[in-house]
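For what it's worth, the working numbering labels the leading residue of the sequence shown as 1003, then goes sequentially. Worksheet for the structure shown next.
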Amino acid sequence: MALSLTDLPYTIFTTIITHLSPTQTILCRRLSRAFLSALTRADLCISLILCHFPRSLEGRRLRTYLKTGNLAALESGDWAAVFARLARRYYHLGNALPWKVEKVAVLKDEEVLRGVEPWDRHLSLNGKTAAFHFWDPVWTVAPKEGLLVYPAPSPSPSPSLLEGEDDDDDDKGASAGGAAAAAAARYCYRARDLQTGREVDVPFDLRGRIVRRVRISHGVLVFEWCEREPLSSSRSLVGGGNEETTTTEERVHRHYATAYSVRRTGSWDGVIPRRHTDAGVAHDGSSEMPTCSWEFELCCELKIHPVGLSLDHHDRFFSTHNATHYAVYTWQPPPRSFDAAWPDDEPLESLTIWEFNPPNSYSQRPDAASSSSPPTTSSPRIIRTLNNAQLRAFAILQHDAPALRAMALDDSTWDAARASACGHVFFTEEEHRWSAGPHSRPSRPRLHRVKTTGIPLVGAGPRWVDDCGGGGGVNLRFCWRGRWRRDMTEMEEDEDDDNDGDGEASVGGTDDDDDGDDDKKRGIWSPERAWSHSQTWPGRAPCWRHDDFPYVTLSEVFDAAAGVRVIARDCFMLETLSVHIRPKIRVQGVGPNGAKLVSRRASSGTDTKKTTRTFTNTATPSPQIVKNSTTTTAITAGERKSTATITSNTAARTSTSTSTTTTTQGPDGHEVQFADAMWSEMMGKGFICGDERWLVGEDIAKGDVTILVF
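This is the structure:
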């Protein structure tokens, strides 16, 4: 009897199979029943996951199980399905082709949703203009949790209608009419699980309210809203505290922020699918399929401004939050008419930092009037308030030419040992040489400047400053870190220890390896410590905004733990010269066959090849530690073009695709470009978010949410 390949000893068979790419391994399951049985063994699939996808979310979770000896989780996991999912995901990532595209209709009602006006700045060159600031989206996403919160066009049907109670037709018609009337008076925010597609209602009542901004971060969902009915026609000054003085005639609305804690419930964590027997029961003996849902519990409600802000294009505010603190910055320009009470005829600016209290028993009130009032018990407390003079001392006063781009907080701003606040709140400012508009500064940077300033939540200092692009002569590069940060997607795993992992990190950080000292002795870079060595810390200036100047990176998704980066770039300067220049969305860190591209750090004495750019650039690219990078352009179906830059490495298998390719020199290494039409599907708000599993944006035409699943 002839010996089949599947009859070989496990170690030999595994060694042979690991020489195939993940997609080839999946295709081999179709050869015969013997191959299907052999290639779906749990132990083999675990080895293949650790070999091909050690930095994926499932790979990190698997290594946590192995490291902690969680045999129950290892036995119940469907590792054959996990490996097939990872092979599919990284194949589509490597070719910039979504596995499926989902559309989610979003409510479009300016009477209910009215965002905060962005700064009046734009890019201007040779008589043409381009957007430099975008409106905030009305939806928000928690990428790691895989949760989308969005305003649904209509509320979900009432439970009685869904259950189909035995009522008369007239009663049913009356019930349906009542539901329609309720829908006309009330809209509902919904939470959509990106993994399962299931949706639940968010207990936030929109009656009598106008939503200004919504944001989810660190397991806390915050709605920033104002009362629909304005106060009396007046404008108030805010000095250093909560005192107020009525001065000018403008209609203002009281603004609040409502925070909910978000928690996943159910028997499934949403990452590793469970293995089921032929009888349809789970491996642990349960007969029900694993399910999960989401719960929202009200944490607190606070007042953003002591008096109120106007809804016109004058008043603006920025905010950020984490699990324990909320910071809001307000900017109010001086009145159009002279007012002696207004200080120094300059914008009134303030920064307020709140500390959350534990969740209280406050619940939504049914009447619109009472629901607009904040809770009176167990409210959060203000731990710091800064006015113009104090903001000027920290060098973050914006004056009448604001450059503030975003705000952020440290992931952890609570010291449990001292039972007090800690950490910083960060102000990120941005200036561009082609910026124009009423809010642009007269003195512009040489090219592009980003600056992040951090001030402590408590105490007088010191402050943190990270400035990039603010100086340098014409022959000096203005950014020293952008391309180093990109190389974070190329770090290689420690091949000698598959079980060395960080596991599944909580929101806002990852765990370090226990054997980090051994790695340092061997000179091996550990990707599990990527968070502490990369630019993901909010205190770093966002050099990715200009890391390919004159292109401007409008938005990026950087999954540092997985080593995957998605960038959305627009070159306004080149678009003014040619109509054929198009903006681009690209993926970095994955090869066209789905293999994770890695590169070893250049050892001392090893030369690195300096690549040249394919377009004119005023900035000299910094030498990279990546060796022998080449650019591959592949023509796909129709007229779609995808550009991939592949780094030469033994760990990156050569693609078996038969598509025609041409090789040229490129600057970035292993980039693959989405189809041109994808820009209009994703960049309606100039913002994308997600991780290695999915990418979420907003289409330009209809304003609906677009979800790319890989």
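C-beta: ideal position from N, C-alpha, C; glycine also. Here the structure is a predicted model, which is why all the values come from computation and not from measurement.
query                                                                                                                                                                                                : result
Do the CB positions of Ile1218 and His1257 come within less than 9 angstroms of each other?                                                                                                          : no
Using a Cβ-Cβ cut-off of 6 angstroms (strictly less than) and excluding sequence neighbours within five positions of Thr1322, which residues of its own chain qualify?                               : Ala1329, Met1409, Ala1410, Leu1411
Express the C-alpha separation of Trp1141 and Ser1442 in angstroms, rounding to a whole number.                                                                                                      : 29 angstroms
Which value, in whole angstroms, describes the spacing of the CA atoms of Gly1456 and Gly1463?                                                                                                       : 9 angstroms
By how many angstroms is the C-alpha of Asp1706 removed from the C-alpha of Phe1298?                                                                                                                 : 24 angstroms
Could you tell me the boundaries of the alpha helix (DSSP H) in which Ser1049 lies?                                                                                                                  : 1044 to 1054
Have a look at the DSSP bridge pairing and note the partners of Gln1026.                                                                                                                             : Answer by DSSP bridge pairing: none, since Gln1026 is not bridged.
Once you ignore the five residues that flank Ile1398 on each side, which residues in its own chain have a CB closer than 6 angstroms to its CB?                                                      : Phe1429, Thr1455
With a Cβ-Cβ cutoff of 9 angstroms, do Ala1294 and Thr1267 count as a contact?                                                                                                                       : The amino acid occupying residue 1294 in the given sequence is Cys; Ala does not appear at that position. Yes.
Can you tell me the Cα-Cα spacing of Trp1696 and Ala1418, whole angstroms?                                                                                                                           : 35 angstroms
Within this structure, are the beta carbons of Thr1198 and Gly1310 separated by less than 9 angstroms?                                                                                               : no
Under three-state DSSP, which class holds Arg1091?                                                                                                                                                   : helix
Label Asn1128 either buried or exposed according to how many other C-beta atoms from any shown protein chain fall within 10 Å of its C-beta, with 16 as the threshold for buried.                    : exposed
Once DSSP output is grouped into helix, strand and coil, what is the label at Arg1446?                                                                                                               : coil
Mind checking who His1548 pairs with in its DSSP beta bridge?                                                                                                                                        : Note: His1548 sits in no beta bridge, so no partner.
Anyone know if the C-beta pair for Ala1151 and Arg1214 falls short of 9 angstroms?                                                                                                                   : Per the sequence shown, residue 1151 should be read as Val rather than Ala. Against a cut-off of 9 angstroms, the Cβ pair of Arg1214 and Val1151 comes out as no contact.
With a 10 Å radius around its C-beta and 16 neighbouring C-beta atoms as the bar for buried, classify Tyr1012 as buried or exposed.                                                                  : exposed
Identify, in the order they occur along the chain, each residue of the same chain with its Cβ nearer than 7 angstroms to the Cβ of Pro1336, setting aside the five sequence neighbours on each side. : Trp1344, Asp1347, Glu1348, Pro1349
Using the Cβ count rule (16 or more neighbours within 10 Å means buried), how would you classify Lys1102?                                                                                            : exposed
Between the C-alpha atoms of Tyr1553 and Ser1682, what's the straight-line distance to the nearest angstrom?                                                                                         : 18 angstroms
Would you report the Cα separation of Ala1020 and Leu1007, rounded to the nearest angstrom?                                                                                                          : One detail in the question is off: residue 1020 reads as Thr in this sequence, not Ala. If I take the Cα positions, the gap works out to 14 angstroms.
Counting only the same chain and skipping the five closest in sequence on each side, list residues whose C-beta sits under 6 angstroms from that of Val1224.                                         : Arg1217, Ala1259, Ala1261, His1323
Excluding the 5 residues flanking Ala1132 on each side, which residues of the same chain have their C-beta closer than 6 angstroms to its C-beta?                                                    : Leu1125, Phe1574
Is it true that the region 1108 to 1119 meets the region 1071 to 1084, where meeting means three or more beta-carbon pairs spaced less than 8 angstroms apart?                                       : no
What's the call for Gly1461, buried or exposed, on a 16-neighbour Cβ count within 10 Å?                                                                                                              : exposed
Please report the straight-line C-alpha distance between Leu1088 and Ile1014, rounded to a whole angstrom.                                                                                           : 23 angstroms
Less than 9 angstroms between the beta carbons of Lys1105 and Thr1555, yes or no?                                                                                                                    : no
What does the Cβ neighbour count give for Pro1440, buried or exposed, with the cut at 16 atoms within 10 Å?                                                                                          : exposed
Decide if Ile1587 is buried, meaning its Cβ has at least 16 other Cβ atoms within 10 Å, or exposed.                                                                                                  : buried
Between the C-alpha atoms of Glu1694 and Ala1391, what's the straight-line distance to the nearest angstrom?                                                                                         : 44 angstroms
Can you tell me whether Asp1549 is buried or exposed, with buried defined as 16 or more other CB within 10 angstroms of its CB?                                                                      : buried
Which value, in whole angstroms, describes the spacing of the CA atoms of Leu945 and Phe1712?                                                                                                        : The structure shown does not extend to residue 945, since the chain spans only 1003 to 1712, so no value can be given for it.
Measuring only the C-alpha atoms, how far is Leu1300 from Ser1263?                                                                                                                                   : 6 angstroms
What do you get for Asp1045, buried or exposed, if any count of 16 or more other CB atoms within 10 angstroms of its CB means buried?                                                                : exposed
What are the uninterrupted segments assigned as beta strand (DSSP E) that are 3 or more residues long and contained completely in the region 1403 to 1459, given in chain order?                     : 1406 to 1411, 1426 to 1434, 1450 to 1458
Using a 10 Å radius around the Cβ and a threshold of 16 neighbouring Cβ atoms, would you call Ile1713 buried or exposed?                                                                             : The structure shown has nothing for residue 1713, since the chain only spans 1003 to 1712.
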